[in-house]
Amino acid sequence: MRTTATDPPDRGLRRVVTWVAVLNLGYFGVEFAVALAIGSVSLFADSVDFLEDASVNLLILLALGWSLKARARVGMGLAAILLIPALATLWVLWSKIQLPVPPAPMPLTLTALGAMAVNLGCAVLLVRFRHHRGSLTRAAFLSARNDVFANIAIVLAGAMTAMVPSVWPDVIVGAAIMLMNADAAREVWQAAREEHHLAHDGQP
Numbered sequence: 144m145r146t147t148a149t150d151p152p153d154r155g156l157r158r159v160v161t162w163v164a165v166l167n168l169g170y171f172g173v174e175f176a177v178a179l180a181i182g183s184v185s186l187f188a189d190s191v192d193f194l195e196d197a198s199v200n201l202l203i204l205l206a207l208g209w210s211l212k213a214r215a216r217v218g219m220g221l222a223a224i225l226l227i228p229a230l231a232t233l234w235v236l237w238s239k240i241q242l243p244v245p246p247a248p249m250p251l252t253l254t255a256l257g258a259m260a261v262n263l264g265c266a267v268l269l270v271r272f273r274h275h276r277g278s279l280t281r282a283a284f285l286s287a288r289n290d291v292f293a294n295i296a297i298v299l300a301g302a303m304t305a306m307v308p309s310v311w312p313d314v315i316v317g318a319a320i321m322l323m324n325a326d327a328a329r330e331v332w333q334a335a336r337e338e339h340h341l342a343h344d345g346q347p
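The letter at position 97 of the sequence shown is residue 240 when you use my numbering, and the numbering goes up by one with no holes.
Encoded structure:
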């Protein structure tokens, strides 16, 4: 039997993903502006990731009530979206290596702490829905969870840069965020493929 968008779990999920999308879109603007101002690879990667998270949650909102097969297709699309921050980070990382000026540690650290608060809040909101609707909500939860760890790493990079001015803590953390997004994309793709096989097997 097909689950409709009016089912109670979907109503709760709809409210949650709407809030998560708004929070991510709002902090994207904050972090992106700071990243450009201080020349931070890690903040740039994380800001693009905020935009990606907002897009993922908006797609989930649109896909609620769709069939299993349709959700699997959207899940595969989300896996591709999760790679966008990784590709953007590659370009910024290369540019930073060519011009190795360390970012200002104080705005780097404070912005990362703000991002951590937003991502932790989003992860708490999404945790009870992480197995609901398969690959769709898994994409949103994985993004929020990974971002909390990424923000902790950025805070540490800020502390290291304050002690020993160097471009490398910021560059290394930016590269790590890129790899985390690539791994999240792989997990979402696998979940979407499982849904795709279930749909072809005729299961609801």
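Just so you know, even glycine gets a beta-carbon here, dropped at the ideal spot from N, CA and C. Source: prediction; values computed, not measured.
query	result
If contacts are defined as beta-carbon pairs under 8 angstroms, then residue 214 and residue 223 qualify, I think. What distance do you get, rounded to the angstrom?	Residue 214 to residue 223, Cβ: 15 angstroms. No contact.
With DSSP run on the structure shown, which of helix, strand or coil describes residue 243?	coil
Relative to the alpha-carbon of residue 258, which residue among 164, 190, 337 and 184 has its alpha-carbon at the smallest distance?	190
Residue ranges of each alpha helix (DSSP H) run of no fewer than 4 residues wholly in the region 178-242, ordered along the chain?	184-206, 211-224 and 227-241
How big is the Cα-Cα spacing for residue 339 and residue 281?	15 angstroms
How big is the Cα-Cα spacing for residue 220 and residue 264?	25 angstroms
For residue 210, is the classification buried or exposed, using 16 other Cβ atoms within 10 angstroms of its Cβ as the cut-off for buried?	exposed
Compare the beta carbon distance of residue 200 and residue 173 with 7 angstroms and say whether it is the shorter of the two.	no
With distances taken between CB atoms, is the gap from residue 262 to residue 291 smaller than 7 angstroms?	yes
On a CA-only basis, which of 321, 247, 343 and 208 is nearest residue 237? Give me that one, please.	321
Within 10 Å of its beta-carbon, does residue 129 have 16 or more other beta-carbons around it, so buried, or fewer, so exposed?	Since the first residue of the chain shown is 144 and the last is 347, residue 129 is not available in this structure.
So the alpha helix (DSSP H) residue 343 belongs to, where does it begin and stop?	311-343
Sorted by chain position, which residues of the same chain lie with C-beta nearer than 6 angstroms to residue 287's C-beta, five sequence neighbours on each side aside?	262, 265, 266 and 269
Report all residues from its chain with a CB closer than 7 angstroms to the CB of residue 229; omit the five preceding and five following residues, and keep chain order.	321, 324 and 325
According to DSSP, is residue 288 helix, strand or coil?	helix
Find out if the Cβ-Cβ distance for the pair residue 334, residue 225 is shorter than 7 angstroms.	no
Could you check the C-alpha separation between residue 185 and residue 332 for me, to the nearest Å?	25 angstroms
Once DSSP output is grouped into helix, strand and coil, what is the label at residue 308?	coil
Measuring CB to CB, does residue 301 end up less than 7 angstroms from residue 232?	no
Quick check on the DSSP output: the alpha helix (DSSP H) that includes residue 270 runs from which residue to which?	Careful: residue 270 lies outside any alpha helix (DSSP H) and carries neither H nor E.
Residue 197 and residue 171 look like a contact to me (Cβ under 8 angstroms); what is the Cβ gap, rounded to whole Å?	7 angstroms
Do residue 310 and residue 248 have their C-beta atoms closer together than 7 angstroms?	no
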